[in-house]
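Colleague: Have a look at this one.
In our numbering, the protein residues as written are 37 to 471.
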C-alpha cells in the first residue's frame, strides 16, 4: 500500500512535488478534481482536502483538518499532518486537555473528530496514530467529570447458580441442565435484579479505561501524558468494585438514558475507542496498526481552546457566550463584559498568517461583520440598533510570538490592533502550546 504525506493549510493551487504527483497521476483523469469532506455542524460537506489534475501537474488545497483517508481503497492513502508553526510542533493534546477543563466545552465536541468505520482500515505506524490519542484524551476527561460526582448506580439483570438459596426466579431449563441432571438438588439457577454500580455501562467504561491506560504507555515518550496519567490515578479507584467482563454484543448495543448527558457521552466514546481497536487490546503497542479513515477539525479545537482562555478572564455569568445562535447562524463568541465600555463579537480564526501586519481576508471580514449586524445580537445585548454605533469585532488568531495567555482583564477594555481598512474591527494573537 502507498501513502502520501501532506500538511494542513496548504493554499489553493499548491503544486505537489513530482514524487507525489507520479504516484497520484494513475488515479486521476485530466481536469479531474477529488474532494475529501466531512460533516461540520450545518455544513454537510466541509472540505478537508482537494486535489486537481491539470496536464501532468496536481494542485492541492488543504484546510484545517488533519487525518487520513483512502484515495483508492487498499491501494493509496493520503495523510494530512498537523502544520509546523515557526519550526515548532503544536501540542494539540495539551490544547485539548486545557479546553476540556471548561465544562461547557463538553457540549460542543460533536464533529471535532469524524471517523469512517464504513471504509476499510488503513495500516499506519503507531507513532502516526493521532486519532487514538484524541479519543483517549476526550474520554479520560469525560470520565474524570463523571467520577467526581460518583458512579451511577442502576438496575441490571444477574443470572447465577445459587447454592442453598433462591433469588428472583428460577430459570427452569438452565436449572435442569446445570443442577438437577447432576444431582445438585439444593442449587438453583436464578435470574434476579441488582441495584449497584457493577452495571453493564460501568463495565463498558472500565474496559475502555484499560484500553486508554495501555495506549498512554505507547505515547509516554512522544508527548507529555502526565496530566492524563494523573487523572487516571484519580479515576481508577472508583472502578475497583466494577467488573470488566462484557460481551461485544453488549458493547455495541448498549444505550444510555439521554437524561444522563455525561454518561451518554462517555458511553459513546467508550464504544468508539473499543471499535477503533476492533475490541482487541493486543493491537495496542504493535509497530503497525490499522486505523479507520478519520478527520480531526483543528479549527474547532482552536475555538474550544480560546473559549477556555476567555472564560478564565470573563468568569461571571453570561459575560462570554460560546456559539450564540441568531438567525440560523452561530457566532463563535459574544462578549458583554461588565467592566468594558462596549460589547464585542469575537471570532477565532485558526490562521497563523494573520500575525503579519495588514488585514484579513474579505470572507472573514464579511462573516464577522455580518454577525455584528444581526438584530438579535443587538437585542441580546440590550442595545438600540438605531442609536448605537456598530458592535466592535475582534478576531483571535494563533501567533507563536505572542503570550500563551491574554494579558487583558475583565475590568478594563484594552487597545487592540486595528484591522487596516475596516472600522471598529480588531485582532489579537495568542501563543499555542508546543511540544
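Even for Gly, the Cβ is constructed at its ideal location relative to N, Cα and C.
Because the structure is a prediction, the values reported are computed rather than measured.
Where does the unbroken alpha helix (DSSP H) through residue 413 begin, and where does it stop?
Modeller: Taking the chain shown and counting its residues from 1, one reaches residue 413 at position 377. Its alpha helix (DSSP H) spans residues 411-417.
Colleague: Within a Cβ cutoff of 7 Å, which residues of the same chain sit near residue 301, ignoring the five residues on either side of it in sequence?
Modeller: The residue labelled residue 301 in the question sits at position 265 within the chain shown. Excluding sequence neighbours, residue 301 sits near 142, 178.
Colleague: Around the C-beta of residue 155, are 16 or more other C-beta atoms found within 10 angstroms, so that it is buried, or is it exposed?
Modeller: Within the chain shown, numbered from 1, the residue matching residue 155 stands at position 119. Residue 155 should be labelled exposed.
Colleague: Using CA atoms only, rank isn't needed, just tell me which of 432, 134, 439, 380 is closest to residue 425.
Modeller: Translated into the one-based positions of the chain shown, residue 425 becomes position 389. Of 432, 134, 439, 380, the residue nearest in Cα terms is 380.
Colleague: Within a Cβ cutoff of 8 Å, which residues of the same chain sit near residue 312, ignoring the five residues on either side of it in sequence?
Modeller: Start at 1 with the first residue of the chain shown, and residue 312 comes out as number 276. Only 151, 167, 168, 171, 327, 328 meet the Cβ criterion.
Colleague: With the cut-off set at 8 Å, would you say residue 183 and residue 234 are in Cβ contact?
Modeller: Working through the chain shown from its first residue, we reach residue 183 at position 147. Working through the chain shown from its first residue, we reach residue 234 at position 198. It is not a contact, given that the beta carbons lie outside the stated cut-off.
Colleague: In the DSSP assignment, find the unbroken alpha helix (DSSP H) run with residue 300 in it and report its ends.
Modeller: The residue given as residue 300 occupies position 264 in the chain shown. Residues 297-312.
Colleague: Could you compute how far the alpha carbon of residue 268 sits from the alpha carbon of residue 200?
Modeller: For the purposes of this step, residue 268 is taken as residue 232 along the chain shown, with counting starting at 1. For the purposes of this step, residue 200 is taken as residue 164 along the chain shown, with counting starting at 1. Answer to the nearest angstrom: the Cα atoms are 41 Å apart.
Colleague: I need the boundaries of the beta strand (DSSP E) containing residue 101, first residue and last residue.
Modeller: Position 65 of the chain shown, counted from the first residue, corresponds to residue 101. Run containing residue 101: 101-108, per the beta strand (DSSP E) assignment.
Colleague: Around the Cβ of residue 231, are there at least 16 other Cβ atoms within 10 angstroms (buried) or fewer (exposed)?
Modeller: Locating residue 231 in the chain shown gives position 195, counting from the first residue. It is exposed - the Cβ of residue 231 has fewer than 16 other Cβ atoms within 10 Å.
Colleague: Got a sec, what are the start and stop residues for the beta strand (DSSP E) residue 84 sits in?
Modeller: The residue given as residue 84 occupies position 48 in the chain shown. Residues 79-90.
Colleague: Can you tell me whether DSSP reads residue 53 as helix, strand or coil?
Modeller: The residue labelled residue 53 in the question sits at position 17 within the chain shown. Residue 53 falls in the coil class under three-state DSSP.
Colleague: Counting Cβ pairs closer than 8 Å, one from the segment 351-362 and one from the segment 447-456, do we hit at least three?
Modeller: Taking 8 Å as the limit for Cβ pairs, the verdict is that the segment 447-456 does not touch the segment 351-362.
Colleague: How many whole angstroms separate the CB atoms of residue 345 and residue 466, which I take to be in contact at a CB cut-off of 8 Å?
Modeller: On the chain shown, residue 345 is found 309 positions in, with the first residue counted as 1. On the chain shown, residue 466 is found 430 positions in, with the first residue counted as 1. Correct: roughly 7 Å between the Cβ atoms.
Colleague: Report all residues from its chain with a CB closer than 8 Å to the CB of residue 294; omit the five preceding and five following residues, and keep chain order.
Modeller: What you label residue 294 is simply residue 258 of the chain shown in a count that begins at 1. Correct list, in chain order: 300.
Colleague: Tell me whether residue 215 sits in a helix, a strand or coil according to DSSP, three-state version.
Modeller: Residue 215 sits at position 179 when you count from the first residue of the chain shown. Coil, per DSSP.
Colleague: Do residue 228 and residue 204 have their beta-carbon atoms positioned less than 8 Å apart in this structure?
Modeller: Here residue 204 refers to the residue found at position 168 when the chain shown is read from its first residue. Here residue 228 refers to the residue found at position 192 when the chain shown is read from its first residue. Yes, Cβ-Cβ distance for residue 204 and residue 228 is below 8 Å.
Colleague: Should residue 333 and residue 148 be called a contact, given that it needs their Cβ atoms to be closer than 8 Å?
Modeller: The residue you call residue 333 lines up with position 297 of the chain shown. The residue you call residue 148 lines up with position 112 of the chain shown. In contact: residue 333 and residue 148 (Cβ atoms closer than 8 Å).
Colleague: Any beta-carbon of chain C closer than 8 Å to the one on residue 254?
Modeller: The structure shown contains no chain C, having only a single protein chain.
Colleague: So, under 8 Å CB-CB, residue 259 and residue 471 are touching, yes? Tell me the CB distance rounded to an integer number of Å.
Modeller: What you label residue 259 is simply residue 223 of the chain shown in a count that begins at 1. What you label residue 471 is simply residue 435 of the chain shown in a count that begins at 1. Yes, residue 259 and residue 471 are in contact; Cβ-Cβ is about 6 Å, under 8 Å.
Colleague: For residue 117, list the residues DSSP reports as bridge partners.
Modeller: For the purposes of this step, residue 117 is identified with residue 81 of the chain shown, where counting begins at 1. Per DSSP, 43.
Colleague: Which one of 95, 323, 58, 55 has the shortest CA to CA distance from residue 49?
Modeller: Looking up residue 49 in the chain shown gives position 13. Of the listed residues, the one whose Cα sits closest to residue 49 is 95.
Colleague: Taking only the alpha-carbon atoms, compute the straight-line gap between residue 219 and residue 211 and give it to the nearest angstrom.
Modeller: Walking along the chain shown from the start, residue 219 turns up at place 183. Walking along the chain shown from the start, residue 211 turns up at place 175. Looking at the two C-alpha atoms, the distance is approximately 11 Å.
Colleague: Below 8 Å between beta carbons: does that hold for residue 474 and residue 433?
Modeller: The shown model of the chain, from 37 to 471, leaves out residue 474, and the question about it has no answer.
Colleague: Can you give, in chain order, each stretch of the beta strand (DSSP E) that sits fully within the segment 203-267 and has at least 3 residues?
Modeller: If we require 3 residues or more, the beta strand (DSSP E) runs fully inside the segment 203-267 come out as 223-232.
Colleague: From 273, 251, 241, 92, pick the residue whose C-alpha is nearest to that of residue 53; which is it?
Modeller: Working through the chain shown from its first residue, we reach residue 53 at position 17. Residue 92 is the option with its Cα nearest to residue 53.
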